[in-house]
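Read through the structure below, which is laid out as structure tokens, and then see the notes.
Chains as they are written, first to last, in this note's numbering: chain A, 1 to 325; chain B, 1001 to 1334.
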């Protein structure tokens, strides 16, 4: 068990809405090794955030429900834990950073207090002074200038990038084994994004924290992750080490995704190859491969049978496609 | 120059000439509601757009790029400066003349959800500008609407449906059809793809490029995503805190940026290639963009600039041609 920090097996998270059952995450399996950075990419509605929230057990029930599968963290199934056990786990073993730094901090407490609060929750024997010292230390680590003074500031006195760094400080204050970061830089400008990503990957390396980084930006993935899962319509369609995803993508969706993004280093006048059509409506029953209606390589078999993740003969790379590249 | 690039669409005549454009928004306060300060959203922008080209306007949030786009179209009233479009000084036109001029310059908005009236059918939405400018009787307008929908890749069959029945990418197509209805020469596209997913984004970008060829359009493409801007633009203007700091052909800008801010900005963009990413050196800027209410003296980038000297704190560097057709506003470019 020690080999994998997190094992997600056949996870199914459905939402029971008035217009039908939305299978947001449908039979997803993957692992995260200790101190590994796993990227999860995909377009909106593909189930990447729901996967993260399922791991944190933060799915709002109703309408959502984890209807199947298991999530083993350090050998224990998170889905079988009660609320008290979960509260102990969250923040100390698994932490999460959310997309919106503007609303994830409490406006009526100083940032130093909010970091100290998390620390004290998990270290009951710690004095207030020690906890405060720890928060100043954390702010310093995420490169907030003049941390001692700034710990006494309120969230509104910080800019977006700084608030996101405060979130990282809170998340890493108790030395968690896993950090779940859900689009941590999507709301930020590029120069600020660099200010946030750098301490995040630097600190996780230093502390040996594994990171599950959810993003739609393939550039961010290339720069920070070691392994990548590509998700589409609630399924993982391809999973591979980062170099292989970009060099030899196997699933037609991954290929399409890579061809449809403009790149900074492209030649002038090169044209984009968009993926035609729309992602499927997840509240309808999907028969066969969910990508079949948009796939350029579609065959009859794809419309009848759903492909499973299979090795494509290049090391750890797996793809859910009958006719991989 | 060896790497002179000729884009067939560029004929070289200036369509829009912007000089010293300023847009200040007053902050009111006190018991008499007097103006206590100004948000200097746009603070002295100089640039020109050539007929048939795409000029990309990039910068981080709050740098004034959207306000510049709107001020060019006179959707916000410039505080100072001049905008000459097709030979007319827009800031001095009478309201009636300006209204006629609006048929020649249109806008595509960022948010395909908020910019379309939910009570109008798609047909009505696209017909609205045609009706406003009396472009034919009911039947002729309907034909034009059907044509426009076909041109942007929508089936005219859906004319009676409402905007909420369409996906984000399709709505953005409706917005583009509306903008094209009056056959404008200038289209200001304000973040037209940033609300869309990457696979849909490429569809809309390709459509914009096709339409440019088909209708001889000139684009001012406002966006924060530099990869997208590089892809679509012939020339690029980089803004920082209300001013244009660099303006050049897009290839040149990305290969040898002259302004330190552009250099930092370009280095911060992640490239989707792990091999390249592992070798890249990032310039990480300290601090945040200063407030446009009280911008720094001299060059307003100097507090974050690693090259700053005494002169940078005192003298505003003008936007000058440092190399052939490559303009930068910096005392120590390169």
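All C-beta atoms in this analysis are idealised placements derived from N, C-alpha and C, irrespective of residue type, glycine included.
query                                                                                                                      : result
Interfacial residues, the segment 1220-1232 of chain B to chain A, with Cβ spacing under 9 Å                               : 1224, 1225, 1226, 1227, 1228, 1229, 1230, 1231 and 1232
Proximal residues to residue 1006/B (C-beta, below 7 Å), its chain only, five neighbours per side dropped                  : Summary for residue 1006/B: the model assigns pLDDT 39, below 50, so the residue's position carries little reliability, and this model does not support an answer.
Unbroken alpha helix (DSSP H) run spanning residue 1261/B, endpoints                                                       : 1260-1268
Under 7 Å by beta carbon: chain B residues contacting residue 94/A                                                         : Chain B residues near residue 94/A: none, gap ~26 Å exceeds 7 Å.
Exposure label - residue 1022/B; buried when at least 16 CB within 10 Å                                                    : buried
Cα-Cα separation between residue 1068/B and residue 1024/B, rounded to whole angstroms                                     : 11 Å
Simplified DSSP state of residue 56/A, which is helix, strand or coil                                                      : helix
Beta-carbon separation (whole angstroms), residue 1329/B vs residue 1318/B, contact threshold 8 Å                          : 6 Å
Cutoff 6 Å; reference residue 115/A; Cβ partners in own chain excluding five residues on either side                       : 135, 138, 169, 170 and 173
8 Å Cβ cutoff met for residue 1065/B and residue 1046/B                                                                    : no
Residue closest to residue 57/A, alpha-carbon to alpha-carbon, out of 12/A, 32/A and 37/A                                  : 12/A
Under 8 Å from the C-beta of residue 1282/B: neighbouring residues of chain A                                              : 194 and 198
Three-pair Cβ contact test at 8 Å for the segment 58-72 of chain A versus the segment 248-263 of chain A                   : no
Beta-carbon proximity list for residue 1130/B, same chain, < 8 Å, skipping 5 on both sides                                 : 1136, 1141, 1144, 1145, 1181 and 1182
Per-residue DSSP class, three states only, for residue 113/A                                                               : helix
Buried/exposed call for residue 1320/B, threshold 16 Cβ in 10 Å                                                            : exposed
Proximity to residue 24/A [Cα-Cα], best of 31/A, 30/A, 3/A and 54/A                                                        : 54/A
Any alpha helix (DSSP H) of 4 or more consecutive residues that is wholly inside the segment 131-189 of chain A            : 147-150 and 160-172
Contact list for residue 264/A against chain D, beta-carbon separation under 8 Å                                           : Among the protein chains of the structure shown, namely A and B, there is no chain D.
Where the segment 274-303 of chain A meets chain B: residues whose CB sits under 7 Å from a CB there                       : 274, 275 and 278
Contact with chain A by residue 1147/B, beta-carbon distance below 8 Å                                                     : no
Presumed contact (8 Å Cβ cut-off) between residue 38/A and residue 225/A, rounded CB distance                              : 6 Å
Enclosing beta strand (DSSP E) for residue 26/A [first to last residue]                                                    : 20-32
Cβ-based burial, residue 156/A [other Cβ within 10 Å; buried from 16]                                                      : exposed
Coil, strand or helix - residue 1189/B by DSSP                                                                             : strand
Nearest neighbour of residue 1088/B, chosen from 1080/B, 1081/B, 1079/B and 1098/B [CA to CA]                              : 1098/B
Closest Cα partner of residue 1054/B within the set 1259/B, 1249/B, 1204/B and 1283/B                                      : 1249/B
Residues that residue 272/A contacts on chain B, provided the C-beta gap is smaller than 8 Å                               : 1202, 1205, 1206 and 1231
As assigned by DSSP and simplified to three states, the class of residue 1138/B                                            : helix
Listed by chain order, chain B residues near residue 48/A by CB distance under 7 Å                                         : Residues of chain B passing the Cβ test: none, with the nearest at roughly 12 Å.
Close-in-space but distant-in-sequence residues of the same chain around residue 1026/B (CB under 7 Å, 5 per side omitted) : 1035 and 1038
Inter-residue CB distance, residue 260/A and residue 275/A (contact presumed, cutoff 8 Å)                                  : 6 Å
Any C-beta of chain A under 8 Å from that of residue 1116/B                                                                : no
Residues bridged to residue 1026/B [DSSP beta-bridge criterion]                                                            : 1038/B
Closer than 8 Å to chain A by CB, residue 1276/B                                                                           : yes
Own chain residues within Cβ distance below 8 Å of residue 1121/B, not counting five before or after                       : 1159, 1160, 1161 and 1162
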